[in-house]
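Below is one structure, written out as structure tokens; comments come after it.
Now the structure itself:
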């Protein structure tokens, strides 16, 4: 499994745009719309080709195959988060049931390079987390890249909710760190805890 969101900052910042009470940022600066869809053939028909395009642009020979991406997105219990700007998909996150009881796995998360540096990965993941919570999931397991700072950013972002299951280890996509994030209870209570099916990932 690979999870490959970029935490690299670009020079653009919201503070760098001219803001007044009377003017909105131009369309190229506005944040994309975030939505979460259930997995299935309809989700693949709607987003699959653009997801595959972004995947291949980012990873080239190491990209997921069409069959693998379709398997993830079309899975009946998948949660598919999308970022859409000007009617074009510019980011996505796909989570499916994982190896923990009541746990989900983040299979892929990717932001169009033109939209990186705005912190969009966090509201995208938050939307996916909320959807998973309403479905009864308690944990989201993420294999996060180390070299672009994403693994460290996850630990900072989630604090006590983040638990490292496997320290930095090699993968075909560079060093990764496996982190379990406890999902907040959608009723407003304390984060849920998932029971474990296997301890093999701790090695």
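Numbering (the working numbering), first residue to last: 29 to 231. Backbone N, C-alpha and C define an ideal beta-carbon position, used for all residues, glycine too. Small disclaimer: the values here were computed from a predicted structure and weren't measured.
So, at 6 Å on beta carbons, what are the nonlocal neighbours of residue i in its own chain, with the 5 sequence-adjacent residues on each side left out?
i, result
"residue 112", "60 and 61"
"residue 63", "110"
"residue 209", "168, 186, 189 and 190"
"residue 183", "190"
If you draw a straight line from the C-alpha of residue i to the C-alpha of residue j, how long is it?
i, j, result
"residue 192", "residue 167", "12 Å"
"residue 72", "residue 196", "32 Å"
"residue 140", "residue 128", "30 Å"
"residue 190", "residue 74", "32 Å"
"residue 203", "residue 115", "34 Å"
"residue 58", "residue 102", "30 Å"
"residue 69", "residue 78", "15 Å"
"residue 146", "residue 199", "27 Å"
"residue 227", "residue 155", "The predicted model places residue 227 with a pLDDT of 28, which falls under 50 and marks its position as unreliable; any figure quoted below should be read in that light. When rounded, the distance between both Cα atoms is 28 Å."
Just tell me which of the options has its CA closest to the CA of residue i.
i, options, result
"residue 206", "66, 181, 146 and 156", "181"
"residue 105", "149, 120 and 163", "163"
"residue 65", "100, 83 and 81", "100"
"residue 170", "149, 146, 132 and 199", "132"
"residue 152", "121, 204 and 125", "121"
For the putative contact between residue i and residue j, defined by C-beta atoms under 8 Å, what is the C-beta separation to the nearest angstrom?
i, j, result
"residue 130", "residue 165", "6 Å"
"residue 138", "residue 123", "No, residue 138 and residue 123 are not in contact; Cβ-Cβ is about 13 Å, not under 8 Å."
"residue 67", "residue 97", "Residue 67 to residue 97, Cβ: 12 Å. No contact."
"residue 118", "residue 143", "5 Å"
Looking only at its own chain, which residues have a Cβ that is under 7 Å from the Cβ of residue i, when we skip the five neighbours before and after it?
i, result
"residue 85", "none"
"residue 211", "157, 160, 161, 165, 166, 167, 168, 219 and 220"
"residue 49", "Model confidence at residue 49 stands at a pLDDT of 40, short of 50, so the residue's coordinates are unreliable; what they give is reported in the following sentence. Closer than 7 Å at Cβ, skipping near neighbours: no residue."
"residue 54", "Since pLDDT at residue 54 reaches only 45, below the 50 mark, its modelled position is unreliable, and the value read off the structure follows with that caveat. Closer than 7 Å at Cβ, skipping near neighbours: no residue."
"residue 94", "80"
"residue 125", "105 and 132"
With a CB to CB cut of under 8 Å and the five nearest residues on each side skipped, what residues in its chain are close to residue i?
i, result
"residue 83", "91, 92, 97, 136 and 138"
"residue 150", "185"
Mind checking if residue i is an interface residue toward chain D, Cβ cutoff 8 Å exclusive?
i, result
"residue 150", "Looking for chain D here will not work: only one protein chain is present."
**OP:** Quick one: which unbroken beta strand (DSSP E) runs of 3-plus residues sit fully inside the segment 46-124? Chain order, please.
**Re:** Runs found: 61-66 and 107-113.
Original post:
Fully enclosed by the segment 118-196, which alpha helix (DSSP H) runs are 4 residues long or longer?
Top reply: You should have 149-162 and 178-186.
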